[in-house]
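Protein chains in written order, with the numbering used here: chain A, 21 to 276; chain X, 286 to 591. Cβ coordinates follow ideal geometry from the N, Cα and C atoms, glycine included. Each remark here refers to the structure printed beneath this line.
And the structure:
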């Protein structure tokens with residue numbers, strides 16, 4: 021169950037990359053437009069505003085959050101649509117008939133999602149350089165955190181894709197989980213500045229730790245300890261990896 | 286001969302519906318084995334379990350003596366399953382489809398085998414177009430090529446000629462027979478009984494999730510005691526009809542042709558009656574039972590409720 025054959029595994033990753041590159045307009049360029057618009061609007065509307073908790077310009081504060089948002093959305097979109105698509109057009113049986121181990125399936129789809137997430141995230145960063153200069157306090161940490169977050173949402177996307185019976189079902193995940201959790205995670209504001217209970221509630225939002233960790237990597241400051249955030253994110257990634265591998269093993273909604 | 290696939294007490298239910306009940310089957314290496322049964326008999330479920338598309342409830346299946354659950358990586362490499370439904374990854378051309386499929390089975394550079402398959406299945410000139418641009422018959426051939434990229438020992442064809450024209454069907458069977466001669470085990474499910482009769486060495490008949498009979502094709506056909514005697518006369522047969530009260534018969538060609546169904550033991554009796562009848566015989570044709578007769582007798586297609 022836990023063996024990995026290099027060729028089998030890399031073929032799946034290759035297939036995943038091929039899939040999103042063939043529809044690059046909707047998978048790569050479309051997401052860049054929305055993030056580009058966020059950057060333009062926020063940098064224009066809040067050009068003289070400073071985030072008091074951090075003592076930095078607002079645009080520097082939200083760039084890590086915006087990059088993270090596109091990372092999350094695209095990692096999730098890639099695996100969820102790949103799986104629901106495979107179920108919809110029936111080619112899911114290719115993965116069942118072939119000698120894939122369950123961990124190969126989990127990691128293969130996950131890495132496909134990570135690659136698309138990192139690709140869109142990186143281009144978002146490149147665009148953001150025009151808006152805030154492009155400084156990153158801890159570049160290595162930024163990459164590590166981005167990879168971890170991307171892994172978490174790629175895995176979450178696999179679960180959504182397996183669970184969904186129609187394309188519409190995937191949007192339930194986006195609309196009811198990802199969007200609210202992301203918007204309430206402190207992408208646009210510092211949780212430190214939230215009154216009373218609201219700041220505490222944010223601690224139950226896993227995306228908060230992700231935004232906070234990535235922001236630490238970018239600006240060198242954060243609401244809570246980045247080590248703690250890193251632990252939380254890693255724990256999520258590992259738990260989801262186990263869950264996804266288990267779902268492939270039992271053939272959740274793909275085997276009758 | 287060694288066993289290619291062994292099904293032992295395999296059970297599968299969907300809710301209350303028992304799709305497979307205590308399936309026991311031994312398929313030998315090198316055999317051309319037929320799996321026949323009416324719709325809903327459980328053929329596709331059985332193949333689904335073999336390929337890992339369906340979870341069985343209980344029982345054991347081994348492929349070349351390896352358990353399909355414990356050793357799934359090995360057993361999947363020994364199996365080439367051509368599914369009934371035509372589905373393709375829309376992102377790849379014909380050649381890319383076969384290359385990525387080879388990769389799934391752990392084969393890095395498989396272009397020689399891919400060329401061989403493209404040629405054998407007359408797809409060379411379609412190698413660089415997408416599967417959506419292929420005709421139905423070509424899609425079916427690509428599906429077969431896909432199942433063969435890893436050169437499996439056992440080839441399973443689930444209704445491979447549904448919707449395929451006659452010419453293509455023949456060339457397809459020629460190729461599959463060729464593979465069988467090379468020593469590959471072939472398992473075929475089909476509802477074209479002529480096809481099974483022409484190709485299979487041994488046949489299992491499934492009905493309502495049970496194996497009702499497994500035997501060689503010859504034994505199965507011989508198990509039906511039936512001869513159909515067609516006689517063409519120069520003149521009307523109306524006088525003969527009254528003497529054939531003990532037989533089932535049909536009249537055709539404006540009363541000049543008669544078709545009589547009889548058990549072998551009654552052949553002599555029949556011929557004597559015909560002999561006494563003095564009209565001139567133009568032609569006689571005697572047919573033995575067909576696989577279809579066996580099929581109808583053994584499955585619920587022949588039951589009183591049909």
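By the Cβ neighbour-count rule, residue 411/X is buried, with 16 or more other Cβ atoms within 10 Å of its own. Residues 233, 234, 237 of the same chain have their beta carbon placed closer than 6 angstroms to that of residue 165/A, with the five preceding and five following residues left out of the count.
The alpha carbon of residue 450/X has as its nearest neighbour, out of 473/X, 442/X, 402/X, 423/X, the alpha carbon of 423/X.
Counting along the chain, the unbroken alpha helix (DSSP H) around residue 404/X starts and ends at 396-405. The Cβ neighbour count for residue 363/X, taken over all protein chains shown within 10 Å, is at least 16; the residue is labelled buried.
Within chain X, 388, 389, 390, 391 have C-beta atoms less than 8 angstroms from the C-beta of residue 28/A, given in sequence order. As computed with DSSP, residue 487/X is found in a beta bridge with 318/X, 501/X.
For the segment 113-136 of chain A, the set of positions with a beta-carbon nearer than 9 angstroms to some beta-carbon of chain X reads 113, 114, 115, 116, 117, 118, 119, 120, 121 in chain order.
Residue 31/A belongs to the set of residues whose beta carbon lies under 7 angstroms from a beta carbon in chain X. In the three-state DSSP reduction, residue 365/X falls in the strand class (E or B). Interface annotation for the segment 320-343 of chain X against chain A: 330, 333, 336, 337, 338, 339, 340, criterion Cβ-Cβ distance under 9 angstroms. Within the segment 460-488 of chain X, no residue has its Cβ closer than 8 angstroms to any Cβ of chain A. Flagged as an interface residue toward chain X: residue 111/A, by a C-beta distance shorter than 7 angstroms. Shown here is that no member of the segment 427-454 of chain X has a Cβ falling below 7 angstroms from a Cβ of chain A.
Residue 575/X and residue 482/X do touch by the CB rule: their CB atoms are close to 7 angstroms apart, below 8 angstroms. Spatial neighbours of residue 319/X in its own chain (CB-CB distance under 6 angstroms, excluding positions within 5 residues in sequence) are listed in chain order as 473, 481, 485, 488. Using a Cβ-Cβ cut-off of 7 angstroms, residue 35/A counts as an interface residue toward chain X, since at least one Cβ of chain X sits closer than that to its own. Between the segment 355-369 of chain X and the segment 133-152 of chain A, the count of Cβ pairs shorter than 8 angstroms is below three; the stretches do not touch. Below the 8 angstroms Cβ cutoff, chain A contributes 109 as neighbours of residue 375/X, in chain order.
Counting only Cβ-Cβ distances below 9 angstroms, residue 94/A has no contacts in chain X at all, with the closest Cβ about 18 angstroms away. The beta carbon of residue 358/X sits closer than 7 angstroms to some beta carbon of chain A. For a cut-off of 8 angstroms, the C-beta gap from residue 544/X to residue 517/X is around 10 angstroms, too long to register as a contact. When beta bridges are read from the DSSP output, residue 195/A appears opposite no residue. Considering only beta carbons, the part of the segment 391-425 of chain X lying closer than 9 angstroms to chain A consists of 391, 392, 393, in chain order. In the structure shown, the three-state DSSP call for residue 211/A is helix. Spanning the alpha carbons of residue 186/A and residue 133/A requires a straight line of approximately 20 angstroms. By the Cβ rule, the segment 347-361 of chain X does not count as touching the segment 493-503 of chain X, because fewer than three pairs are nearer than 8 angstroms. Judged by DSSP in its simplified three-state form, residue 343/X adopts strand.
For residue 302/X, the enclosing beta strand (DSSP E) has its first and last residue at 302-313. If you look at residue 515/X, you'll find it in the beta strand (DSSP E) that goes 512-518. For residue 326/X, DSSP assigns no beta-bridge partner whatsoever.
For residue 525/X, the uninterrupted alpha helix (DSSP H) run begins and ends at 523-528, by DSSP. Using a Cβ distance threshold of 7 angstroms, residue 247/A and residue 391/X do not count as a contacting pair.
One alpha carbon belongs to residue 310/X, the other to residue 182/A, and they sit about 34 angstroms apart. Assignment of beta-bridge partners to residue 572/X by DSSP yields 513/X. Between the segment 381-396 of chain X and the segment 462-476 of chain X, the count of Cβ pairs shorter than 8 angstroms is below three; the stretches do not touch.
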